[in-house]
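Colleague: Line by line, the protein sequences are chains A, B, C and D.
Under UniProt numbering, the letters of the first sequence match residues 1 to 214, in that order.
Under UniProt numbering, the letters of the second sequence match residues 1 to 214, in that order.
Under UniProt numbering, the letters of the third sequence match residues 1 to 214, in that order.
Under UniProt numbering, the letters of the fourth sequence match residues 1 to 214, in that order.
Once you've had a glance at the structure underneath, I'll fire off some questions.
4 protein chains.
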Amino acid sequence: MMTQPIDDGSQLSTVPRSSHTVDNDERRLALVRAAYAEIAEKGFEGLRLRRVAAVVGINQATIHYYFPTKEALIKDVAEYIVGLNLSANTTLYPQAQDGETSLSLFQRYTAELQRRIPEDALLFRAMCELFLRAGRDERIHRLIVKTDALWEAYLINILDTGMQEGTIRKDLELQSTARMIIAFVKGITLQLDAQPDDITRCLEQLELLLRPRP
Amino acid sequence: MMTQPIDDGSQLSTVPRSSHTVDNDERRLALVRAAYAEIAEKGFEGLRLRRVAAVVGINQATIHYYFPTKEALIKDVAEYIVGLNLSANTTLYPQAQDGETSLSLFQRYTAELQRRIPEDALLFRAMCELFLRAGRDERIHRLIVKTDALWEAYLINILDTGMQEGTIRKDLELQSTARMIIAFVKGITLQLDAQPDDITRCLEQLELLLRPRP
Amino acid sequence: MMTQPIDDGSQLSTVPRSSHTVDNDERRLALVRAAYAEIAEKGFEGLRLRRVAAVVGINQATIHYYFPTKEALIKDVAEYIVGLNLSANTTLYPQAQDGETSLSLFQRYTAELQRRIPEDALLFRAMCELFLRAGRDERIHRLIVKTDALWEAYLINILDTGMQEGTIRKDLELQSTARMIIAFVKGITLQLDAQPDDITRCLEQLELLLRPRP
Amino acid sequence: MMTQPIDDGSQLSTVPRSSHTVDNDERRLALVRAAYAEIAEKGFEGLRLRRVAAVVGINQATIHYYFPTKEALIKDVAEYIVGLNLSANTTLYPQAQDGETSLSLFQRYTAELQRRIPEDALLFRAMCELFLRAGRDERIHRLIVKTDALWEAYLINILDTGMQEGTIRKDLELQSTARMIIAFVKGITLQLDAQPDDITRCLEQLELLLRPRP
DNA sequence: TATGAATGAGTGTTCATTCAT
DNA sequence: CATGAATGAACACTCATTCAT
Chain A
1 MMTQPIDDGS QLSTVPRSSH TVDNDERRLA LVRAAYAEIA EKGFEGLRLR RVAAVVGINQ
61 ATIHYYFPTK EALIKDVAEY IVGLNLSANT TLYPQAQDGE TSLSLFQRYT AELQRRIPED
121 ALLFRAMCEL FLRAGRDERI HRLIVKTDAL WEAYLINILD TGMQEGTIRK DLELQSTARM
181 IIAFVKGITL QLDAQPDDIT RCLEQLELLL RPRP
Chain B
1 MMTQPIDDGS QLSTVPRSSH TVDNDERRLA LVRAAYAEIA EKGFEGLRLR RVAAVVGINQ
61 ATIHYYFPTK EALIKDVAEY IVGLNLSANT TLYPQAQDGE TSLSLFQRYT AELQRRIPED
121 ALLFRAMCEL FLRAGRDERI HRLIVKTDAL WEAYLINILD TGMQEGTIRK DLELQSTARM
181 IIAFVKGITL QLDAQPDDIT RCLEQLELLL RPRP
Chain C
1 MMTQPIDDGS QLSTVPRSSH TVDNDERRLA LVRAAYAEIA EKGFEGLRLR RVAAVVGINQ
61 ATIHYYFPTK EALIKDVAEY IVGLNLSANT TLYPQAQDGE TSLSLFQRYT AELQRRIPED
121 ALLFRAMCEL FLRAGRDERI HRLIVKTDAL WEAYLINILD TGMQEGTIRK DLELQSTARM
181 IIAFVKGITL QLDAQPDDIT RCLEQLELLL RPRP
Chain D
1 MMTQPIDDGS QLSTVPRSSH TVDNDERRLA LVRAAYAEIA EKGFEGLRLR RVAAVVGINQ
61 ATIHYYFPTK EALIKDVAEY IVGLNLSANT TLYPQAQDGE TSLSLFQRYT AELQRRIPED
121 ALLFRAMCEL FLRAGRDERI HRLIVKTDAL WEAYLINILD TGMQEGTIRK DLELQSTARM
181 IIAFVKGITL QLDAQPDDIT RCLEQLELLL RPRP
């Protein structure tokens, strides 16, 4: 999961735009980001169109010009959240793989995780909201399933590479282990007051388990 | 799902009930259960007192006779859910430990888990709702923290026993491993369409990891 | 206005009665007194049958045995309040007239007034509530009118006596002056934070005005 | 009743109103007036937002567009009532002072009073409601206190002028007398069915008392 | 595009009253 | 007489949505 290079969306633009007309897509994005922040903080339960409009600085009615209905906004927000998450889980880590380090690929994955988890509280919370809503919203459900599949594939790749490197035990069933790790990471997400130390130690324990014995 | 003829662990019935008060507590329990089912299905977001009352078959105002406020009902529902979950996760299994079996204690724990998970869909959904709401509701937060502490202690005990039995590898840090397992189980909870097979394989993988190498 | 010799009603009996059966009238009186206290404190606007029943220590439904409807209770409370007030305004003062004092009758009346006003806050508040409600409740209206007539007659008597004593100027029209005094006393009632000193000075001023010039 | 084409003394319209905002403030004023009439007729006890909305001819929800809460409306209504009353009791009369008349200033004050009292039944009723509510509502309490202070100052001025003119006896304590008169006027307010004649005679009596003796 | 104003359906909650026991 | 339980009508308030401008 995690921060994309440019903007993680946590800093919403509340200041009035420069005088030139804001184009449609820009405003839509601003609305989506504002809604995302609201959801992360107060959940879908606490999402109010009025508040979103206020944050972006437009009238409560104007929001319906960009999104005909609340559900339409939520759909886009879901895709936005999943997009943030997806890029974090799949795109970024491999790029960190290039340098020659003494750390195995999996160690770098978990290192990245523990760095990001305390940092990306908003995104994780939003993802959790999505997970739950997926049970009632078929569209979001499909979105999550697709994302998880990509995440799983990425993890399988990492584990497989680790086995070939000799940093991961070879007797593991790849898919099940990947799914176990995903479940573990999602579970950490639900921990409300997990301290960075706790997470670090959990991840070290996981590494230990996956490491081949001497 | 849990059994609750005796005591469901919630603070619902603390006063000694004369043969006449039974009806009252029965009603309260019925309301709590109805609310629990609503929450599991539609989330806290979708919980409506009118619907709960309708399900139980009473007037919408009558519900306030038993619970002065919606929040009071939610509090009892939260305790009910946690009670169901807690007894499932901690209290029950040790009692199953007496018989002579070829299965290790941890194996029995995971066996029970995989049996329950597909079966307790409602309960897990409700637990997830609690997890999320805990971020915004201090009382529920404390409830979860307390529950998790008990769960963790129980797991540590199982792991420790396993080490002495020789069914768990001895180089694990007990607390971190327990927390990792908890995170993992919670994560599974968020998997919407996890098939029994998937869960079984994940749990087998977890067992494999914790097992000492020959 | 004011305290009758026995009980001014400000101390309501909240303790459970002695074991022998409470007779109907006793309980009715207790309910009326409780309601009176509620009205004095919170106004008719804040009168709740539940609270009245609770103060007296009976079930909220039981109250309907004694008073079929809220309005019926209010009617009795109104009579109770007026009764307290009436006895204070007419019955008591003349009895104080017997002793030989250097004070004129009117002086004793105003002295009594200023003593009682800070003391009988509850009763005055309740009377005000009645005054207002009289505008919407014909029965209470008649009650007030009747009370005021008695009050007026009593004041006329005092003023007349004063004229004969030479302590009141003789050029006053009795009825108008009496009504003016009544209005004045009622008006003081509406003063929220009138200090005893203020009232004393106002009354002294009134005495001065009514006194014959040397 | 008061006139209010210019400024009714309430804080209703503080922002400079562009020609477009007029409708908004008009609506607000209409709502305040409707609420005022309801209160005068049925008391705070009988004030219902639904009814106010209905009287103005808008949806029951629309009222919350102008006043976020019932209390906010009441606050403005209180200021409106006080504004009407204040201007009546203080601001207006001095302006009537310019002409050469045979009537003293105080006589003109009382003349105005007896003219208004039967006429402003609604306003007086509303004021009474305010007086009573002031005992339980700190904001209204402050409002009344402030208003009474202005009223008192105005009366002191009138009395003082009268003394210099020789139309008021000189041995009066100004403040106490002013307060006595205020209490008297408030008291008249509570008289439900006071006939114009009664009031006239009472006021004449008051004048007589304050007049210096030959 | 954008807005102020308005709306209707619904929400939790209150309260006097009723009823079977 | 008395109560626990229940009720229906009402209440202030919320919110996504609509509409004329």
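A virtual CB, placed ideally from N, CA and C, is assigned to each residue, including glycine.
To be precise: take each residue of the stretch 164-188 of chain A, compare its Cβ to all Cβ atoms of chain B, and keep it if any distance is under 9 Å. Which residues remain?
Modeller: Flagged, chain order: R169, D171, L172, E173, Q175, S176, T177, R179, M180, I181, I182, A183, F184, V185, K186, G187 and I188.
Colleague: Excluding five sequence neighbours on each side, which residues of the same chain lie with their C-beta closer than 7 Å to the C-beta of D/T62?
Modeller: A53.
Colleague: Is it true that the CB of B/I39 sits closer than 8 Å to the CB of B/L47?
Modeller: Yes, Cβ-Cβ distance for B/L47 and B/I39 is below 8 Å.
Colleague: Mind pulling the chain A residues with CB within less than 7 Å of B/F44?
Modeller: Simply E45.
Colleague: Taking A/T189 as the reference, which of A/R169, A/E26, A/K170 and A/L132 has the closest Cα?
Modeller: Minimum Cα distance to A/T189 is reached at A/L132.
Colleague: Helix, strand or coil, according to DSSP, for B/Q191 in the structure here?
Modeller: Coil.
Colleague: Just how far apart, CA to CA, sit C/L172 and C/L155?
Modeller: Roughly 13 Å between the two C-alpha positions.
Colleague: Under the three-state reduction of DSSP, which class applies to D/L123: helix, strand or coil?
Modeller: Helix, per DSSP.
Colleague: Which word fits A/R50, buried or exposed, when buried means at least 16 other C-beta atoms lie within 10 angstroms of its C-beta?
Modeller: Exposed, because fewer than 16 other Cβ atoms sit within 10 Å of the Cβ of A/R50.
Colleague: Return the chain-ordered ranges of every alpha helix (DSSP H) run that is complete within the UniProt domain "HTH tetR-type" (25-85) of chain B and spans a minimum of 4 residues.
Modeller: Fully enclosed alpha helix (DSSP H) runs of 4 or longer: 49-56 and 63-66.
Colleague: Consider the Cβ of residue 218 of chain C: report whether some Cβ of chain D lies at a distance smaller than 8 Å.
Modeller: The structure shown has nothing for residue 218 of chain C, since chain C only spans 1 to 214.
Colleague: How would you call A/R33, buried or exposed, if buried means at least 16 neighbouring beta carbons within 10 angstroms?
Modeller: A/R33 comes out buried.
Colleague: Taking 8 Å as the threshold (beta carbon to beta carbon), is C/F124 in contact with chain D?
Modeller: It does not: the Cβ of C/F124 has no partner Cβ on chain D nearer than 8 Å.
Colleague: Rounded to whole angstroms, what is the Cα-Cα separation between A/I158 and A/L105?
Modeller: Distance between the alpha carbons of A/I158 and A/L105 is about 7 Å.
Colleague: Using the C-alpha atoms, what's the distance from A/A149 back to B/L123?
Modeller: Roughly 26 Å separates the two Cα atoms.
Colleague: Does the beta carbon of B/Q195 come closer than 8 Å to any beta carbon on chain A?
Modeller: Closer than 8 Å: no.
Colleague: Going straight from the alpha carbon of C/L203 to that of D/M180, what length do you get?
Modeller: Cα to Cα, the separation comes out at about 8 Å.
Colleague: Look at the Cβ atom of C/L84, then the Cβ atom of C/A35, and state whether they are nearer than 8 Å.
Modeller: In this structure, C/A35 does not lie closer than 8 Å to C/L84 by Cβ.
Colleague: Cα-Cα, which of B/F67, B/V55 and B/V77 is closest to B/I140?
Modeller: Ranking B/F67, B/V55 and B/V77 by Cα distance to B/I140 puts B/V77 first.
Colleague: Do C/Q191 and D/A183 have their C-beta atoms within less than 8 Å of each other?
Modeller: In this structure, D/A183 lies closer than 8 Å to C/Q191 by Cβ.
Colleague: For a contact defined as C-beta to C-beta under 8 Å, what are the partners of C/S129 on chain D?
Modeller: The question names Ser, but residue 129 of chain C is Glu in the sequence shown. Within chain D, the residues near C/E129 are L132.
Colleague: Taking CB distances under 8 Å as the criterion, tell me whether D/D201 reaches chain C.
Modeller: Note on identity: in this sequence residue 201 of chain D is Arg, with Asp being the wrong assignment. It does: the Cβ of D/R201 has a partner Cβ on chain C nearer than 8 Å.
Colleague: In chain order, what residues of the same chain lie with their CB nearer than 8 Å to the CB of D/L143, ignoring the 5 residues before and after it?
Modeller: Answer for D/L143: A78, E79, V82, L130 and A134, listed in chain order.
Colleague: With a threshold of 16 other CB atoms inside 10 Å of the CB of D/R115, please say whether the residue is buried or exposed.
Modeller: Its Cβ having fewer than 16 others within 10 Å, D/R115 is exposed.
Colleague: Taking Cβ to Cβ, would you say A/E112 is nearer than 8 Å to B/E45?
Modeller: Cβ distance not < 8 Å, so A/E112 and B/E45 don't count as in contact.
Colleague: Does the distance from the C-beta atom of C/Q205 to that of D/T177 stay below 8 Å?
Modeller: Yes, the Cβ-Cβ distance between C/Q205 and D/T177 is below 8 Å.
Colleague: How many Å lie between A/G43 and A/A126 at the Cα?
Modeller: Cα to Cα, A/G43 sits roughly 7 Å from A/A126.
Colleague: Please check if any C-beta of chain A sits within less than 8 Å of the C-beta of B/D120.
Modeller: No, B/D120 does not count as interfacial toward chain A.
Colleague: What is the C-beta distance between D/G187 and C/K186, in whole angstroms, given that I count them as a contact (C-beta under 8 Å)?
Modeller: At roughly 4 Å, the Cβ-Cβ gap stays under 8 Å, so D/G187 and C/K186 are in contact.
Colleague: Between the alpha carbons of C/L103 and C/Q164, how many angstroms are there, rounded?
Modeller: Those two C-alpha atoms are separated by around 14 Å.
Colleague: Just confirm the distance between the C-beta atoms of D/P212 and D/I168, as a whole number of angstroms; I'd bet it's less than 8 Å.
Modeller: That pair is a contact at about 7 Å.
Colleague: Determine whether the Cβ of D/Q205 lies closer than 8 Å to any Cβ atom of chain C.
Modeller: By this cut-off, D/Q205 is an interface position.
Colleague: Please report the distance separating the alpha-carbon of C/H64 from that of C/A37.
Modeller: Between C/H64 and C/A37, the C-alpha separation is close to 19 Å.
Colleague: Quick one: measure Cβ to Cβ for A/Y66 and A/R108, integer angstroms, because I've assumed they're closer than 8 Å.
Modeller: That pair is no contact at about 40 Å.
Colleague: Is the CB of C/Q191 under 8 Å away from at least one CB in chain D?
Modeller: Chain D, which has a Cβ nearer than 8 Å to the Cβ of C/Q191, makes this yes.
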